[in-house]
Structures are given as C-alpha cells and as structure tokens.
Ligand SMILES: Cc1cc2nc3c(=O)[nH]c(=O)nc-3n(C[C@H](O)[C@H](O)[C@H](O)COP(=O)(O)OP(=O)(O)OC[C@H]3O[C@@H](n4cnc5c(N)ncnc54)[C@H](O)[C@@H]3O)c2cc1C
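Protein chains in written order, with the working numbering: chain A, 3 to 100; chain B, -14 to 367.
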C-alpha cells in the first residue's frame, strides 16, 4: 500500500513517510503531520501536499477525507513569498494575519 | 477512570513531554494531557536556540547541564534531533554592553564555559556576510558550544520514548481543573473525565497561570506575543546564532538553509494575541538586511507568532508550591524553555521520585517572589 510516491515536493516527503509517521506517533490531524514532516511549510504552503496527506491520514485513521480536511492548518502569511527588501518597506500595523 | 496515576502532566510541549519521559524511565505511571497536540504551544513556534551565556549563575549552570544532555540525546532517545553546536554570537553595540558582557563572561568562564570576546575583525572572519561596521558592532561575546536543535524532532522524540516506557498521552483533552483535597492535589478534571494522581505537573506554558488558578494558586506569569519568520532556503553561510540585546533581535540558519529569526517588540502588551503583524515583518526585515545586506532579495515564506510565559524576573518557576502538596510548577520560561527543557524535566522527575537533584532549584522557587528576593535574568530578548 505505502509507496515511494512523493506527497510533498518542497520537503521531499513520500507516502511511506506519511504512513510511518502516522503509525509511529499516533497522529490524527494535519497540524501534527505538518509539524512532524514539515509538509506544507515550504514556499507552496501546502496547496497540494496537504490534500494528498489528508487522504492518507483518513485511510490510516478510518475517517473520511472531509473530516480530516475540516481541521485544516492555518495558512501563514505572506500568502505569496515576499522579498525581504520589499517587506522592509512595511510600516506599523499591529494585527492581521492568522 | 484507570487506577490512580503517579503523575498527571498538563501540557505536551518540550517540558511536559520530556518530564513524561524522565518519569516513565523511573517506573512511575504518567499521563500527559494537552488540549491540542504535541508541540502545539510555544515549543512548536520557537527556533530551537540553545544558549549557555546567561547573566545569572543558576541559569548558566542549568543550560550547561542541558547542553550535556542534548549532546547525548539523539543516542539516548534513538532519534535524530538535528542538534548542532555552531555557537552563539552576541553582538555588543555600546561600551556599556561591552562592560556588562565582560563581567558576565568572567562569571561564565569561572563555571567552565569556553566563552570569549571577539573584536570586530574576528566577527568578520567568522561570518564575512555580517555588516559589522554597518550595524555598529564594537565586538561580540562568543561561545562555540551553544547551538540549536529541532524543537519538533526533540519533542516528538521525548514523547515517543515516553510512550514506549508506558506513559499515556491524552491529546485534544483540555484539563479543566486541578483538583485539590485537604491541601494536596488529588488529580485533574479533564474533558475525558477525572484522573486521580499523586502529583500534578503544571507545564502548560503561557497557560500555566490559568491552570494554577484552578487549584487556588496565583502565579505572577504573564503571556507576551513574540513574532518570528522563516525565509526560503539559501546556501549555507551562517554557522552561529546571531543575537543582539540592544536591537532585541536574533537569527540563525536552519539545517535546510532557511533563515529563522525574530524581533521582540518592547511595547508588546501582555495577552494571548497570536496574530502576525506587518509591523513585525517590516521591522525585522529592515534589521535583518542591516545585519546581512546580501539577504535583501531572499524571500520570506512564513511568518507566525508564539507566546512567552514571562515572570517578573524573567526566570522560570520550578518546584512544588508550598500551599498545595504535590502540585509542581515547571513554567515561566520566557524565551528559553526549549533549551532548559531536558534538564528541567529531569530535575522535576528527580524531585517527584525523591532522588537527589543534579542541580539545586531553590533559585527557581516561587517563594522568591513572595520574599522579594529576585535576581533578574538580564540576558533576554524580551
Ligand atoms: C518566537 C519564539 C521564539 C523562541 N525562541 C526560543 C529559543 O530560541 N530557545 C529556547 O530555548 N526557547 C525559545 N522560546 C521559548 C520556548 O519556546 C518556550 O519557553 C518553551 O517552548 C516552553 O515549553 P513548554 O512545554 O513549557 O510550553 P508550550 O510548548 O507552550 O506547551 C504548553 C502546552 O500546554 C497546552 N495547554 C494549554 N492549556 C491547556 C489545558 N487547559 N489543558 C491541557 N493542555 C493545555 C498547550 O496546548 C501547549 O501544547 C521561544 C518562544 C517563542 C514564542
């Protein structure tokens, strides 16, 4: 079942890595998978990998994919990678983001 | 529910997870409760810096012992933790800072820390990309045995090892109340029911104050937001963690090449605000570019925030509270709970099992605030 199929290109994580992490640590959420395997921490912010990981997590924990997806990790700003030189122009503003 | 536990631990950050490991290794029955998951709190939001250059002797001793543990931890727990001793370079910008660092380095060296002063030219040799003149550095305190480890890997390694030794982890299970009967803890009331326990360890990070309150214990801790960001990976050029108390800033390069860094806003009000601000993004980016101009076109990929749990003297609270027997505090770590984690957890386990302690913990007692005998930890990015 588990295989060499790549789930996350940014962090080079395979389906087998996901299955192993879920079983070893008893993970139940995408937030935990993100922390253990860094899925979704790359520049793409997990647009495809988290969906793929959700399917595996659902299968492993006997739940539906939509149930797993309902606890989707927060998207961290910036939505699109921003050069430090441009970010340096930002002033003020105390709130916002996630 | 089950039989009475020896110890109920509140919070599955570095402190709670490591405490569970050291307790389970001593044959005690332990359950850890977290209202979310392992590393959901400050632990999963910190960059994992490990520093022994502190202004108070008890923190220097504590962190030196912690580094000893970190050096053998990967082997002990049977897991990779990315521990790396690339040093901490603490930039001095004023003569006042230089004098303060010199006093501190004398004390640190007397305790066996290989710390020394770097002249501006030596800083440049060590990190050529650092704009030493531009930032106005007059030198730096340098300790080569400081470094970092990966907070996720360390904490999950402790949690896994604890589980293998029989510790239970009840995740997504908030603790509602620490139950006290006749002046002693009797257990914890959770969303999954009551768990009886001989001891309760309060390692709920920035929420420790709320947990303590349920047992009628008042902690002086306050939560403060601290923001941080990560860039895309760049070619490895930075071995040490670079920090400045003057600018309230720190940054390092990760194993994978990303720059991780933060700036502490001195005007941040206390509270549970976890939002990411443009103010931080702008301010930190300007600081980082001033330190390393070559990073100007490198892109920021993630920005987030975590909470410091801050006491009036910026030092942690570790030990039993006198008014409730069996109620152990391990909180109030400001910006150094990750580095202090392994040794603190071991000391808590030794305390609970009645063993001699590796280090005295009187200096971290809650009683110091009540007696007014605090010795402020000054070397913090606050
Ligand atoms: C931006 C930033 C940078 C930092 N940099 C460093 C650094 O370089 N080096 C360093 O050593 N330290 C650093 N720190 C500090 C460090 O992260 C903390 O001191 C440390 O992680 C605290 O660990 P902990 O286990 O005590 O708390 P946490 O990791 O916060 O864990 C507390 C846990 O308690 C749980 N909890 C809360 N309420 C309840 C409840 N009612 N019931 C059950 N569970 C509950 C939470 O969900 C959480 O998982 C930094 C912190 C921040 C925010």
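Just so you know, even glycine gets a beta-carbon here, dropped at the ideal spot from N, CA and C. The model shown is predicted, which means the values in this text are computed figures rather than measured ones.
(request) Answer with yes or no whether the minimum CB distance from residue -14(B) to chain A is below 7 Å. (result) Interpretation of residue -14(B) is limited by its pLDDT of 47, a score under 50 that renders its predicted location unreliable; the figure taken from the coordinates is listed afterwards. In terms of beta-carbon proximity, residue -14(B) stays away from the interface with chain A, with every pair separated by 7 Å or more.
(request) With DSSP as the reference, please indicate the residues paired to residue 231(B) in a beta bridge. (result) When beta bridges are read from the DSSP output, residue 231(B) appears opposite no residue.
(request) Report the rounded CA-to-CA distance for residue 210(B) versus residue 324(B), giving the unit in angstroms. (result) C-alpha separation (whole angstroms): 19 Å.
(message) Using a Cβ distance threshold of 8 Å, determine whether the stretch 203 to 219 of chain B contacts the stretch 236 to 246 of chain B, with at least three qualifying pairs required.
(response) Touching, yes.
(message) Give me, in chain order, the residues of the same chain whose beta-carbon lies closer than 8 Å to that of residue 221(B); leave out the 5 immediate sequence neighbours on both sides.
(response) For residue 221(B), where only same-chain residues beyond five positions count, the Cβ hits under 8 Å are 238, 242.
(message) Any C-beta of chain B within less than 7 Å: which residues of the stretch 58 to 89 of chain A qualify?
(response) Shown in chain order are the members of the stretch 58 to 89 of chain A whose Cβ falls below 7 Å from a Cβ of chain B: 78, 79, 80, 83, 84, 85, 86, 87, 89.
(message) Does residue 157(B) come out as helix, strand or coil in the three-state DSSP assignment?
(response) For residue 157(B), the secondary structure class from DSSP, reduced to helix, strand or coil, is coil.
(message) Let's see if you can read the secondary structure: which residues bound the alpha helix (DSSP H) around residue 32(A)?
(response) First-last of the alpha helix (DSSP H) with residue 32(A): 32 to 39.
(message) For residue 73(B), report the span of its beta strand (DSSP E) as first-last.
(response) Bounds of the beta strand (DSSP E) holding residue 73(B) are 73 to 77.
(request) Give the range of the alpha helix (DSSP H) segment to which residue 292(B) is assigned. (result) Per DSSP, residue 292(B) lies in no alpha helix (DSSP H); the unbroken beta strand (DSSP E) holding it starts and ends at 284 to 295.
(request) Could you name the residues of chain A that residue 65(B) contacts, counting a contact when the two beta carbons are closer than 8 Å? (result) Within chain A, no residue comes near residue 65(B); the closest Cβ sits about 12 Å away, beyond 8 Å.
(request) Report the option in 96(B), 287(B), 203(B), 273(B) whose CA atom is closest to the CA atom of residue 261(B). (result) Nearest option by C-alpha distance: 287(B).
(message) I want to check one thing, is the minimum distance from the CB of residue 18(B) to the heavy atoms of ligand 1 below 6 Å?
(response) True, at least one ligand heavy atom lies under 6 Å from that Cβ.
(request) Out of 95(B), 306(B), 55(B), point me to the one whose CA is closest to residue 130(B)'s CA. (result) It is 55(B).
(request) Report, in whole angstroms, the separation of the C-beta atoms of residue 368(B) and residue 189(B), which I expect to be a contact under 8 Å. (result) Absent from the model: residue 368(B). The displayed extent of chain B is -14 to 367, so no value can be given.
(request) Could you confirm whether any beta carbon from chain B is found closer than 7 Å to the beta carbon of residue 18(A)? (result) Under the 7 Å criterion on CB atoms, residue 18(A) is classed as non-interfacial with respect to chain B.
(request) Look at the Cβ atom of residue 366(B), then the Cβ atom of residue 320(B), and state whether they are nearer than 7 Å. (result) Yes, they are a contact pair.
(message) Can you tell me whether residue 229(B) is buried or exposed? The criterion is at least 16 other CB atoms within 10 Å of its CB, across all chains shown.
(response) Flag for residue 229(B) reads buried.
(request) Flag residue -6(B) as yes when its Cβ comes closer than 6 Å to any non-hydrogen atom of ligand 1, and as no otherwise. (result) With a cutoff of 6 Å, residue -6(B) does not count as near ligand 1, since its C-beta is closer than that to no heavy atom of the ligand.
(message) If you follow the beta strand (DSSP E) that residue 105(B) is in, where does it begin and where does it stop?
(response) Looking at the DSSP string, residue 105(B) is not in any beta strand (DSSP E); the run it does join, the alpha helix (DSSP H), is 105 to 111.
(message) Taking only three categories from DSSP, how would you classify residue 70(B)?
(response) Residue 70(B): coil per DSSP, three-state reduction.
(message) Is residue 199(B) near ligand 1 - that is, is its Cβ less than 6 Å away from at least one heavy atom of it?
(response) No - ligand 1 has no heavy atom lying nearer than 6 Å to the Cβ of residue 199(B).
(request) Work out the CA separation of residue 311(B) and residue 10(B) for me, nearest whole Å. (result) Distance from the CA of residue 10(B) to the CA of residue 311(B), rounded to the nearest whole angstrom, comes to 20 Å.
(request) Decide if the stretch 264 to 282 of chain B is in contact with the stretch 57 to 67 of chain A; the criterion is three or more beta carbon pairs, one per stretch, under 8 Å apart. (result) The stretch 264 to 282 of chain B is not in contact with the stretch 57 to 67 of chain A.
(request) Please name the residue or residues paired with residue 214(B) in a DSSP beta bridge. (result) For residue 214(B), which the question treats as bridged, DSSP gives the partners 246(B), 288(B).
(message) Comparing C-alpha positions only, which one of 26(A), 46(A), 45(A), 47(A) sits nearest to residue 38(A)?
(response) Closest option to residue 38(A), Cα to Cα, is 26(A).
(request) State whether the stretch 192 to 209 of chain B contacts the stretch 323 to 337 of chain B, with contact taken as three or more CB pairs (one from each stretch) at a distance under 8 Å. (result) Counting C-beta pairs closer than 8 Å gives fewer than three between the stretch 192 to 209 of chain B and the stretch 323 to 337 of chain B, which falls short of the contact rule.
(request) Examine the Cβ distances between the stretch 69 to 88 of chain B and the stretch 148 to 155 of chain B and report whether three or more of them are shorter than 8 Å. (result) Too few Cβ pairs lie closer than 8 Å, so no.
(request) Count the C-beta pairs between the stretch 39 to 49 of chain A and the stretch 73 to 88 of chain A that are closer than 8 Å, then say yes if the count reaches three, no if not. (result) With a cut-off of 8 Å, the stretch 73 to 88 of chain A and the stretch 39 to 49 of chain A count as touching, because enough Cβ pairs lie within range.
(request) Mind checking which residues open and close the beta strand (DSSP E) that includes residue 305(B)? (result) Counting along the chain, the beta strand (DSSP E) containing residue 305(B) begins and ends at 302 to 305.
(message) Let's test the definition: count the other Cβ atoms within 10 Å of the Cβ of residue 114(B) and tell me whether it reaches 16, buried, or not, exposed.
(response) Taking all protein chains shown into account, residue 114(B) has fewer than 16 neighbouring C-beta atoms within 10 Å of its C-beta and is therefore exposed.
(request) Please name the residues in the stretch 276 to 297 of chain B whose beta-carbon is closer than 9 Å to at least one beta-carbon of chain A, in chain order. (result) Within the stretch 276 to 297 of chain B, the qualifying residues are 280, 281, 282, 283, 284, 285, 286, 287, 288, 289, 290.
(request) Leaving out five residues on either side along the sequence, give the residues of the same chain with a beta carbon under 6 Å from the beta carbon of residue 3(B). (result) Sequence-distant partners of residue 3(B) (beyond 5 residues in either direction) whose C-beta falls short of 6 Å from its own C-beta, in its chain, are 143, 326, 327, 330.
(request) Taking only beta-carbon positions, decide if residue 367(B) is within less than 7 Å of chain A. (result) No - not a single Cβ of chain A is within 7 Å of the one on residue 367(B).
(message) Whole angstroms are fine: how far does the CA of residue 116(B) sit from the CA of residue 29(B)?
(response) Spanning the two alpha carbons is a distance of roughly 31 Å.
(request) Might you give, ordered along the chain, the residues of its own chain that have their beta carbon closer than 7 Å to the beta carbon of residue 94(B), omitting 5 neighbours on each side? (result) The answer, listed in chain order, is 100.
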